[in-house]
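Residue numbers (the numbering used here), protein chains in the order written: chain A, 97 to 361; chain B, 97 to 361; chain C, 97 to 361. Following: one structure in structure tokens, then a few remarks.
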């Protein structure tokens, strides 16, 4: 097996011990949630998007996470600038192409970012991953989760072209790299009803990749942790409000026995 | 009776089935909360404010919600651009004039937006609705909830001038249109202690108007759902923190029997 | 004793009665949390950052809180403009130099803001307070909490130079003014795992300073309230998710007997 409960927990322990600094240039909707998720798992988040400081911030970070959820021109400039530094320092770059396919602006920005930064990890739902490849693909907003299976071909082509690990999240998560495909089957049906859990998955990829140089395993560990924490959260949730709160608690409490009990491939 | 438990629940079912895409250009404080509320009720939220993409986003949305809570020049330009497309497509436009009256910038922006977009719905507290009409009206910050009764005259004049349905929220909500006034008496005294529940009411107006062309009823349904979910949330809340979380859960769980039991006019 | 349970509660009652308007120019990550904390304690928060309106907003506020957590050029201009008005009106200005020392941009912005506005209160963790004084000080991101003891010398020098009260938050909080040092020993070890509680402490300083002209006591009251609410929240928290929610509830419920029971100096 490529990943297992013990390899997942070893990475969590490394994050808790090393508290890697994860530099996020992300969207307004999820900043609080992703910062809290990174803190709960044991990482050290920083949000910084100003052109005059992104170079320096990416220069001290252990990973760079770029998320285009509420992009605008100034932020895009900062994304490219930070990515350049991160690339030169060979720290992992993770890109979340939120809503790509919904507007030309998102599609062209995401594609250029990927071309210039050749990210370690790209994470999106099936429609987003397909929209990165096909000129004529359309996504409906940012919450579409269908079609993750058909997205595997697109993921393979992105992995081949850019050397990236591509995470397609959905009922089953597919972590697609040039060498293999890892499947993770954790998660809960209520999770798509909480905004920003996809973005949180992306941020966790940054934390795991910051402490594990095997990018495909780091990504799969992050996806497994997302799903397991979601299942733990759902056990006592009354709806998406309590799910979101419990999810942060679960990331914080996550033990090796939780993972052994719940991890599904 | 203009609206009733059954008409409210029918709209909720339509939202849950159709998941209308609601395009929000809103403020930084409430983006997460309103996105979660829209997801919880069953709609599909998207937040997008960049000039190069708002036209396209408003072009695929079922409703456009504009909220001036943390406005700035670039965002205002995007608001006008999105409103123009939404108007040409005849999808509902909902405007929340947050804090209008507190600064000239807010007052003039809100008035111009209303004049140019002739929105389907304007939602605010009493002071805000009055400030839209009177040059010399002053609001204290963004949380003033007094004077909703006196605001009815202002609402009538806005309804007459722009053809809009005007929702004045407070202890009693007044949904004022050219033809009638609907009152909704749901809600809980702790709700004004949670930031952004007014903005959430506005966002829900967008979701309801996206699936119900009778704008006055759609607005009244949204107000009833806000109040009922607030009452359900308050039943086990220990303060505004748990109220906010429970409120999202309540929107998600809301059943016809909840509404039948709690709806008050 | 400089402050005690009764002096703390007297200030809370004043906030609940007067609902001072606190004008925040703060970061994207914490806007929702700090607005909710200010509402929960009884204050009236407003977030406004646009150059055309900050003068007017600072002109009606009872305190101005400036936080550089996600700063950019336009926001910096607004910070200086608002500070100028606040200074001329002699309302309290509170500055939170988030992440100062991590990038030159933050360091120079924070120092200039302090020099020009001579704030009533500066609040930061030990590393941040030291970075405000030393050219060669480095902070790791925004969550460093170490070294608060060694920061006292830096705080004294800032207090001397600008007449500010300097709050160093950590396991023990030190409220350093030209005349004395007040220590507050409340708080809970899980609090640094919630994003934005430092920023919330800063925002509460604004609320307390708005109703209490003795700035050192107002600051110490705010720190005590933070710590006590944190301890109350931790009693039933399952992790940082529930801690954040319970914390808001605790601010709302806080009674004189809670404070008498828990206040530690």
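C-beta: ideal position from N, C-alpha, C; glycine also.
List the DSSP bridge partners of residue i.
i	result
residue 325 of chain A	Its beta-bridge partners do not exist; DSSP assigns none.
residue 306 of chain B	Note: residue 306 of chain B sits in no beta bridge, so no partner.
residue 317 of chain C	None; residue 317 of chain C has no bridge partner.
residue 199 of chain A	A:196
residue 117 of chain B	B:140
residue 277 of chain A	A:272
residue 217 of chain A	A:190 and A:261
Note down, in chain order, each residue of its chain lying with its Cβ closer than 6 Å to the Cβ of residue i, except the 5 sequence neighbours on either side.
i	result
residue 328 of chain A	346
residue 290 of chain B	336, 339 and 340
residue 114 of chain A	307
residue 302 of chain B	118, 159, 161 and 190
residue 213 of chain C	179, 183 and 189
residue 314 of chain B	304, 305 and 308
residue 278 of chain B	98, 271 and 316
Can you tell me whether residue i is helix, strand or coil according to DSSP?
i	result
residue 282 of chain C	coil
residue 124 of chain B	coil
residue 189 of chain B	strand
residue 358 of chain A	helix
residue 147 of chain B	helix
residue 164 of chain C	coil
residue 159 of chain A	strand
residue 272 of chain C	strand
residue 108 of chain A	helix
residue 294 of chain C	helix
residue 133 of chain A	helix
residue 333 of chain A	coil
residue 206 of chain C	helix
residue 211 of chain B	helix
In terms of residue numbering, what span does the beta strand (DSSP E) encompassing residue i cover?
i	result
residue 265 of chain C	261-265
residue 100 of chain C	No beta strand (DSSP E) holds residue 100 of chain C; DSSP gives it neither H nor E.
residue 342 of chain B	Note, residue 342 of chain B: premise wrong, no beta strand (DSSP E); alpha helix (DSSP H) at 336-349.
Quick check on the DSSP output: the alpha helix (DSSP H) that includes residue i runs from which residue to which?
i	result
residue 386 of chain C	Since the first and last residues shown for chain C are 97 and 361, residue 386 of chain C lies out of range.
residue 141 of chain C	First-last for residue 141 of chain C: 140-143, but that is the beta strand (DSSP E), not the alpha helix (DSSP H).
residue 247 of chain B	247-258
residue 175 of chain A	169-184
Counting only the same chain and skipping the five closest in sequence on each side, list residues whose C-beta sits under 7 Å from that of residue i.
i	result
residue 144 of chain C	119, 150 and 153
residue 131 of chain C	141 and 143
residue 173 of chain C	147
residue 158 of chain C	116, 117, 118, 187 and 306
residue 299 of chain B	118, 120, 130, 133, 134 and 161
Quick one: residues in its chain with C-beta nearer than 8 Å to the C-beta of residue i, no 5 flanking neighbours on either side, listed in chain order?
i	result
residue 155 of chain B	181 and 185
residue 274 of chain B	255, 256 and 259
Would residue i pass as an interface residue toward chain E - the criterion being a Cβ-Cβ separation below 8 Å?
i	result
residue 153 of chain A	Of the protein chains in the structure, A, B and C, none is chain E.
Compute the minimum distance between the beta carbon of residue i and the heavy atoms of the ligand SAM, and state whether it is under 7 Å.
i	result
residue 302 of chain A	As for the ligand SAM, it is missing from this structure, which has no ligand bound.
Counting only Cβ-Cβ distances shorter than 7 Å, please list the residues of the segment 128-142 of chain A near chain B, keeping chain order.
Correct list: 128 and 129.
Where the segment 199-231 of chain A meets chain C: residues whose CB sits under 8 Å from a CB there
Answer set for the segment 199-231 of chain A: empty.
In the segment 318-352 of chain A, which residues sit with their C-beta less than 8 Å from some C-beta in chain C, listed in chain order?
Taking 8 Å as the Cβ-Cβ cut-off against chain C, the residues of the segment 318-352 of chain A that qualify are 340, 341, 342, 343, 344, 345, 346, 347, 348 and 349.
Which residues of the segment 171-189 of chain A have a Cβ closer than 7 Å to any Cβ of chain C? Give them in chain order.
none
Could you list the residues in the segment 272-302 of chain A with a C-beta less than 9 Å from some C-beta on chain B, going in chain order?
286, 288, 289, 290, 291 and 292
If you measure beta-carbon to beta-carbon, which residues of the segment 253-271 of chain A are closer than 9 Å to chain C?
none
Going along the chain, which residues of the segment 158-170 of chain B sit with their C-beta nearer than 8 Å to a C-beta in chain C?
165, 166, 167, 168 and 169
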